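First residue of the sequence shown: 214, per the numbering used here; consecutive thereafter. In this text, a Cβ means the ideal position worked out from N, Cα and C, and glycines have one as well. Since we're looking at a predicted model, the values are computed, not measured.
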Amino acid sequence: MGNRSPIHLTLADGVEELDDDLIANCAKEAKHLVDTAYKNTRLIKLLFFPLLLSLKERLRTKNVDARDLMAYFKQPVAGSRNYIRAADYMGTTLQLLEEKFKYVSNKPFNISDVLTKNQLNAISKISGCEAQYRPMVCQDSPYRTITGTCNNRRNPTLGASNTGFTRLLPAEYEDGLSLPRGWTENRPINGFPLPLARQVSNEIVRFNTEEITLDNGRALAFMQWGQWTDHDLDLSPETPARSTFLKGIDCDISCAREPPCFPLKIPANDPRFTNRSDCIPMFRSSPVCTPGSPVREQINILTSFVDGSQVYGSDVPLAAKLRNNTNQLGLMAINQNFTDNGLAYLPFETAEEDFCVLTNRSSGIPCFLGGDPRVSEQPGLTAYHTLFVREHNRIATELRRMNPGWSGETLYQEARKIVGGILQKITYKDWLPLLLGSEFPQVLPRYTGYNESVDPRVANVFTVVFRMGHTLIQPIIYRLGDGYRPLMPEPEVPLHFTFFNSWRVVRQGGIDPLLRGLMANRAKLNRQNQLVVDELRERLFMFTKRTGLDLPALNMQRGREHGVPGYNAYRRFCGLSAPRNMQELAAVLNNRELAQKFINLYGTPENIDIWVGGVAEELVRNGRIGKLLTCLIGNQLRRARDGDR
Numbered sequence: 214m215g216n217r218s219p220i221h222l223t224l225a226d227g228v229e230e231l232d233d234d235l236i237a238n239c240a241k242e243a244k245h246l247v248d249t250a251y252k253n254t255r256l257i258k259l260l261f262f263p264l265l266l267s268l269k270e271r272l273r274t275k276n277v278d279a280r281d282l283m284a285y286f287k288q289p290v291a292g293s294r295n296y297i298r299a300a301d302y303m304g305t306t307l308q309l310l311e312e313k314f315k316y317v318s319n320k321p322f323n324i325s326d327v328l329t330k331n332q333l334n335a336i337s338k339i340s341g342c343e344a345q346y347r348p349m350v351c352q353d354s355p356y357r358t359i360t361g362t363c364n365n366r367r368n369p370t371l372g373a374s375n376t377g378f379t380r381l382l383p384a385e386y387e388d389g390l391s392l393p394r395g396w397t398e399n400r401p402i403n404g405f406p407l408p409l410a411r412q413v414s415n416e417i418v419r420f421n422t423e424e425i426t427l428d429n430g431r432a433l434a435f436m437q438w439g440q441w442t443d444h445d446l447d448l449s450p451e452t453p454a455r456s457t458f459l460k461g462i463d464c465d466i467s468c469a470r471e472p473p474c475f476p477l478k479i480p481a482n483d484p485r486f487t488n489r490s491d492c493i494p495m496f497r498s499s500p501v502c503t504p505g506s507p508v509r510e511q512i513n514i515l516t517s518f519v520d521g522s523q524v525y526g527s528d529v530p531l532a533a534k535l536r537n538n539t540n541q542l543g544l545m546a547i548n549q550n551f552t553d554n555g556l557a558y559l560p561f562e563t564a565e566e567d568f569c570v571l572t573n574r575s576s577g578i579p580c581f582l583g584g585d586p587r588v589s590e591q592p593g594l595t596a597y598h599t600l601f602v603r604e605h606n607r608i609a610t611e612l613r614r615m616n617p618g619w620s621g622e623t624l625y626q627e628a629r630k631i632v633g634g635i636l637q638k639i640t641y642k643d644w645l646p647l648l649l650g651s652e653f654p655q656v657l658p659r660y661t662g663y664n665e666s667v668d669p670r671v672a673n674v675f676t677v678v679f680r681m682g683h684t685l686i687q688p689i690i691y692r693l694g695d696g697y698r699p700l701m702p703e704p705e706v707p708l709h710f711t712f713f714n715s716w717r718v719v720r721q722g723g724i725d726p727l728l729r730g731l732m733a734n735r736a737k738l739n740r741q742n743q744l745v746v747d748e749l750r751e752r753l754f755m756f757t758k759r760t761g762l763d764l765p766a767l768n769m770q771r772g773r774e775h776g777v778p779g780y781n782a783y784r785r786f787c788g789l790s791a792p793r794n795m796q797e798l799a800a801v802l803n804n805r806e807l808a809q810k811f812i813n814l815y816g817t818p819e820n821i822d823i824w825v826g827g828v829a830e831e832l833v834r835n836g837r838i839g840k841l842l843t844c845l846i847g848n849q850l851r852r853a854r855d856g857d858r
């Protein structure tokens, strides 16, 4: 490439050269900037006063808060980190090139407009992205791979872990490439600026939790299965960097919007934040390499199949760590320190620093180890994880009794296959009909067999709209003893006191009280004036007395950050009407007051964030979501079923 003639670009009145040496230099600089940002995340940083600590060091010194809890389970590990680093190299290279040329142009432009295909391929090669997409040879095996590769023999990486989400509609970024919608404050979209996500949360989502309406037709176990299934399908970790790539700004103390930081600004008259210069921290999701395209896409580090990856893991090293390697019985590893009245607990994490220990230092109980890093997020989720590890071991033991000649590997794989089948049966035959109601037969028609032409990958919009489950969560964790009687001394625990409280499982009666509480108590009913409780809206991951996060606002900000188009775009995709004004929106929502609130905030229905627009719709008959979410969630689960060999 070094012998190729320079490419001349007429960007304005003058002419600039974009040659291969410039690209190589920018790529080299990008690697240095990204590596420095990653390194600064792991090291202690001293910047005048106070002492700024990395996440690891804050854990060691017990100086943690809600943002650290969010980062704790959303940090990529092992192989995923290498995939993400390469994508960060490529994205930062493009950003540097655009910075160098933006002063030459008299009008806005994208760097993709001035790069040739060969130059994009060169950047992909230098960054390490190209190496991730080498041809793969699939082995003949009756079992799934842990990573989901070779499920589709014609396209072996389709639906595999550490690959990108698919899109139902093209990405909508502010600059057409990577900047989130709403990145530039007051910049109009469809004629109106986007409102602050926190402002929408305050004015649309907020309600008095004492007025909560419970669901007479769905138990909390219904809500919990939704989260359990989500953790089988998708996880887009945050970028490993906690400081900006180009300027080195520490995102933990700054509210600057500089990649990879995308904090939520505080609106006027906020009920909780008195300082408008404050913000709710948020970091961009990790990118994925996209050969031949400069448009930012996000990585999914899980498989896209309902395959029990939250039990078994989505990468080979973790899967091996989760197994009992002391014998050839095909068992999953279990806790060696404690039992639940003779039954198994999950093994503990072995990290030197551990969030779960900090929630109750006297107990000394670490976080649990599972196939998904969110296993200890809250006790109900931990209970489901524990239940299915026990079920695997029960099945493997029974299979060995019936087939004494089977190897440990065969026992493991056959038990894993059965557990995966159980999860699919519950999800498709039991849970989805309760979610989709009368729309279920149309959205998910009878299964007719595997179709290799179906793309099973999780759609980017699904990662946003499946957060509809947040509208079903009660503000209380219930614990019931024998006879379903309240279990003293704490039969009801506020949700924010249970985040990463693995000690409550071990020290307060095991998983049975939690499972009884999920089965015998009603889920919250989603109503248009009662969307999400304040345990999630004001106290998410609140650690000690520090400020909690706002989950609904984060949902909306995340949709913008992922380049997910707005409400009307997906209404049109689903063949539904796309309201143009307040009157038409009121007809769609069957709620004039709510429609007026939306118009006051967004100016046009086109701009409504897909999450809040979706959860604000009236529920379909006998279902627990509206028509738009029924379409989008049904689309995803149908593709995950039909495209799964």
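Determine the direct distance from the alpha carbon of residue j to that of residue i, and round the result to whole angstroms.
i      : j      : result
Arg717 : Gly723 : 8 Å
Asp232 : Glu242 : 16 Å
Arg837 : Gly577 : 40 Å
Phe405 : Thr817 : 7 Å
Ala782 : Phe675 : 14 Å
Arg613 : Asn540 : 13 Å
Phe712 : Val327 : 48 Å
Thr684 : Lys478 : 23 Å
Arg834 : Gly618 : 52 Å
Ser620 : Glu604 : 19 Å
Val519 : Ser490 : 43 Å
Pro393 : Asp483 : 24 Å
Lys313 : Lys460 : 15 Å
Pro654 : Asp643 : 13 Å
Leu307 : Pro507 : 8 Å
Leu409 : Pro480 : 7 Å
Leu657 : Phe811 : 31 Å
Gly372 : Val350 : 16 Å
Asp857 : Thr305 : 35 Å
Thr595 : Pro646 : 25 Å
Asn365 : Ile631 : 20 Å
Thr640 : Gly439 : 9 Å
Are the beta-carbon atoms of residue i and residue j separated by less than 8 Å?
i      : j      : result
Ile689 : Val667 : no
Tyr302 : Ser340 : yes
Leu433 : Gln687 : yes
Gly292 : Asp528 : yes
Asn768 : Arg851 : no
Asp822 : Arg784 : no
Leu407 : Asn820 : yes
Thr376 : Thr370 : yes
Arg629 : Tyr525 : yes
Asn664 : Asp855 : yes
Ser589 : Phe601 : no
Gly584 : Leu636 : no
Ala557 : Asn606 : yes
Let's see if you can read the secondary structure: which residues bound the beta strand (DSSP E) around residue i?
i      : result
Leu427 : 427-432
Tyr691 : 689-691
Glu705 : 705-707
Provide the residue(s) that pair with residue i in DSSP beta bridges, ordered along the chain.
i      : result
Cys474 : Phe496
Ala733 : According to DSSP, Ala733 bridges with nothing at all.
Glu451 : Ser498
Between which two residues does the alpha helix (DSSP H) harbouring residue i extend?
i      : result
Val570 : 568-572
Asn714 : From DSSP, Asn714 is part of no alpha helix (DSSP H); its letter is neither H nor E.
Phe811 : 805-815
Tyr597 : 592-615
Asn768 : 764-774
Asp855 : 840-855
Thr305 : 291-314
Pro530 : 529-535
Leu649 : 645-649
Arg750 : 747-750
Please tell me whether, using a cut-off of 7 Å, the distance from the CB of residue i to the nearest non-hydrogen atom of the ligand ADP is below it.
i      : result
Gly430 : Judged by which ligands are present, the structure shown has none, so any question about the ligand ADP falls away.
Is the stretch 749-756 in contact with the stretch 838-851, if contact means three or more CB pairs nearer than 8 Å? no
Any contact of the stretch 506-522 with the stretch 443-462, i.e. 3+ C-beta pairs under 8 Å? yes
Three-pair Cβ contact test at 8 Å for the stretch 730-748 versus the stretch 372-387: no
Between the stretch 410-425 and the stretch 822-831, do at least 3 Cβ pairs fall closer than 8 Å? yes
Quick one: any contact between the stretch 487-506 and the stretch 557-570, if contact means 3 or more CB pairs under 8 Å? no
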